[in-house]
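Under my numbering, the first residue of the sequence shown is numbered 271, with each subsequent residue one higher.
The beta-carbon is built from N, C-alpha and C at its ideal position, and this holds for glycine as well.
Model, not experiment: these values are computed from the prediction.
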Amino acid sequence: MATVEKDQVRPLAPATDRLSSDDDETALRHARSSKRTCIKCCGCVTALLLITAIVIIILIFTVFRVKEPKIKLNGFTITRLELINGTIPKPGVNMSLIVDVSVKNPNVASFKYRNTTTNLYYRGTLVGEVRGPPGRAKARRTLQMNITVDVITDRLLSNPNLMTDAATGLLTMDSYSKIGGRVNILNIFKRHVTVKMNCTMRVNISSQAIDEQKCKRKVDI
Numbered sequence: 271m272a273t274v275e276k277d278q279v280r281p282l283a284p285a286t287d288r289l290s291s292d293d294d295e296t297a298l299r300h301a302r303s304s305k306r307t308c309i310k311c312c313g314c315v316t317a318l319l320l321i322t323a324i325v326i327i328i329l330i331f332t333v334f335r336v337k338e339p340k341i342k343l344n345g346f347t348i349t350r351l352e353l354i355n356g357t358i359p360k361p362g363v364n365m366s367l368i369v370d371v372s373v374k375n376p377n378v379a380s381f382k383y384r385n386t387t388t389n390l391y392y393r394g395t396l397v398g399e400v401r402g403p404p405g406r407a408k409a410r411r412t413l414q415m416n417i418t419v420d421v422i423t424d425r426l427l428s429n430p431n432l433m434t435d436a437a438t439g440l441l442t443m444d445s446y447s448k449i450g451g452r453v454n455i456l457n458i459f460k461r462h463v464t465v466k467m468n469c470t471m472r473v474n475i476s477s478q479a480i481d482e483q484k485c486k487r488k489v490d491i
C-alpha cells in the first residue's frame, strides 16, 4: 500500500519543465523585440539616406547647377575722332571706342575668366581689336568693364564704301566679344564657360554717338 502511495506522489516533480518553457517564451519575445527594433533602426537609416539623396539631387539641379553668365553691351563712347569737313575721319589719326560691358554671374560661385577679346569690324574688315585682362565675377554679382578699342582709321579710309556711308552721316559697324572662363562650385562642380556676343551698331558721325545697336549672345557650357 505504501508503495502505491509513493507512486502516486511522483508525478508532481516536472515543475522544472514549466520553468524551462517560460524561459524559452521570454527569450523568443526578446528576440522578436530585438528584431523589430533592428527593423525600425534600418528603416530610419534608409529613410535618412533617401532624404539626404533627394536633398542632394535637388541642390544639384537648382542651387549647384551651373548657370549661364550673361554678358551685356551697355553702350559705346567715341573719343579722339577727328573729321575732315565734318564727315570723313582724318587719315593717320586713330579714333577710340570705349565699350561699356557688364558680366552678370548668376551662380553661387565666382566666375573666373581669362583674357577678354573684342574685335571691331567695318563691312567685314577688321578695324580695331583689344584684349582685356583676366578677372573674376563674384557670385550672384554683376561686373562692369570699360574696354577701350583703338580704331585704325586708315583701314576705314581704304574701304570703297566709306564715302557713300559717310554721306548718310551713319557708319554701320560690327563688334565681336568673347569671354572664356570657369565656374567652380565647392571644388566638385566645375564647368568651363565661353560667352560670345555679336553686336551691330550705327555710329552717328556728327554727334559721335551710337544711334542704334543690336546684339546676339551665345553661351557654350
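### Task
Put Ala479 into one of helix, strand or coil per three-state DSSP.
By 1-based counting over the sequence shown, the position of residue 479 is 209. When secondary structure is reduced to three states using DSSP, Ala479 falls in the strand class.
### Task
Taking only runs that begin and end inside the stretch 356-418, name each unbroken beta strand (DSSP E) of 3 or more residues, in chain order.
Segments of the beta strand (DSSP E) lying fully in the stretch 356-418: 365-375, 381-383, 386-392, 395-402, 405-407.
### Task
Quick one: give me the first and last residue of the beta strand (DSSP E) that Thr438 is part of.
Here residue 438 corresponds to residue number 168 of the sequence shown, with the count starting at 1. Not the beta strand (DSSP E): Thr438 falls in the alpha helix (DSSP H), residues 432-438.
### Query
Rounded to the nearest angstrom, how far is the Cβ of Gly402 from that of Ile417, given a contact under 8 angstroms?
Reading the sequence shown from its first residue, position 132 is the one you call residue 402. Reading the sequence shown from its first residue, position 147 is the one you call residue 417. Indeed, because the Cβ distance is near 5 angstroms, the residues count as touching under 8 angstroms.
### Query
Looking only at DSSP bridge pairs, what is Gly345 linked to?
Within the sequence shown, residue 345 is the residue found at index 75, counting from 1. In the DSSP output, where bridge partners are listed per residue, Gly345 has Asp370.
### Task
Starting from Asn474, follow its DSSP beta bridges and name the residues at the other end.
Position 204 of the sequence shown, counted from the first residue, corresponds to residue 474. Secondary-structure assignment with DSSP links Asn474 through a beta bridge to Leu440, Ala479.
### Query
Ends of the alpha helix (DSSP H) at Arg335?
Within the sequence shown, the letter at position 65 stands for residue 335. No alpha helix (DSSP H) contains Arg335, which DSSP labels as neither H nor E.
### Task
If I'm right that Val453 touches Asn364 with Cβ under 8 angstroms, what's the distance once you round it to whole angstroms?
Sequence index remark: in the sequence shown, residue 453 carries index 183 (1-based). Sequence index remark: in the sequence shown, residue 364 carries index 94 (1-based). So it is not a contact: roughly 37 angstroms between Cβ atoms.
### Cβ-Cβ distance between Thr387 and Val400 below 9 angstroms
As a first step, residue 387 is located in the sequence shown; it is residue number 117 there, counting from the start. As a first step, residue 400 is located in the sequence shown; it is residue number 130 there, counting from the start. Less than 9 angstroms separates the beta-carbon of Thr387 from that of Val400.
### Query
Do the stretch 430-440 and the stretch 460-474 touch if we need at least three Cβ pairs shorter than 8 angstroms?
With a cut-off of 8 angstroms, the stretch 460-474 and the stretch 430-440 count as touching, because enough Cβ pairs lie within range.
### Task
Work out the CA separation of Met433 and Ile368 for me, nearest whole Å.
Locating residue 368 in the sequence shown gives position 98, where the first residue counts as 1. Locating residue 433 in the sequence shown gives position 163, where the first residue counts as 1. Rounded to whole angstroms, Ile368 and Met433 show a C-alpha spacing of 24 angstroms.
### Query
How far does the alpha helix (DSSP H) with Arg425 in it reach, from first residue to last?
One-based indexing of the sequence shown puts residue 425 at position 155. Looking at the DSSP string, the run of the alpha helix (DSSP H) that includes Arg425 is 423-427.
### Task
Taking 9 angstroms as the cut-off, decide whether the C-beta atoms of Pro339 and Ile458 are in contact.
Taking the first residue of the sequence shown as 1, we reach residue 339 at position 69. Taking the first residue of the sequence shown as 1, we reach residue 458 at position 188. Not in contact: Pro339 and Ile458 (Cβ atoms no closer than 9 angstroms).
### Task
Tell me whether Arg350 sits in a helix, a strand or coil according to DSSP, three-state version.
Your numbering for residue 350 matches position 80 in the sequence shown. Arg350 falls in the coil class under three-state DSSP.
### Message
Can you look up Ile491 in the DSSP assignment and give me helix, strand or coil?
### Response
The residue given as residue 491 occupies position 221 in the sequence shown. Of the three classes helix, strand and coil, the one that applies to Ile491 here is coil, per DSSP.
### Message
Rounded to whole angstroms, what is the Cα-Cα separation between Asn389 and Leu320?
### Response
In the sequence shown, counting from the first residue as 1, residue 389 sits at position 119. In the sequence shown, counting from the first residue as 1, residue 320 sits at position 50. So the two alpha carbons sit approximately 52 angstroms from each other.
### Query
Which value, in whole angstroms, describes the spacing of the CA atoms of Thr470 and Met443?
The residue labelled residue 470 in the question sits at position 200 within the sequence shown. The residue labelled residue 443 in the question sits at position 173 within the sequence shown. So the two alpha carbons sit approximately 6 angstroms from each other.
### Message
So, at 7 angstroms on beta carbons, what are the nonlocal neighbours of Ala272 in its own chain, with the 5 sequence-adjacent residues on each side left out?
### Response
By 1-based counting over the sequence shown, the position of residue 272 is 2. The pLDDT assigned to Ala272 is 48, lower than 50, so where the model puts this residue is not dependable; a value taken from the coordinates is nonetheless given after this. Setting aside the 5 residues that flank it on each side, Ala272 has no residue in the same chain whose C-beta is closer than 7 angstroms to its C-beta.
### Task
Please report how far the alpha carbon of Gln483 lies from the alpha carbon of Thr423, in whole angstroms.
By 1-based counting over the sequence shown, the position of residue 483 is 213. By 1-based counting over the sequence shown, the position of residue 423 is 153. Approximately 21 angstroms between the Cα atoms of the pair.
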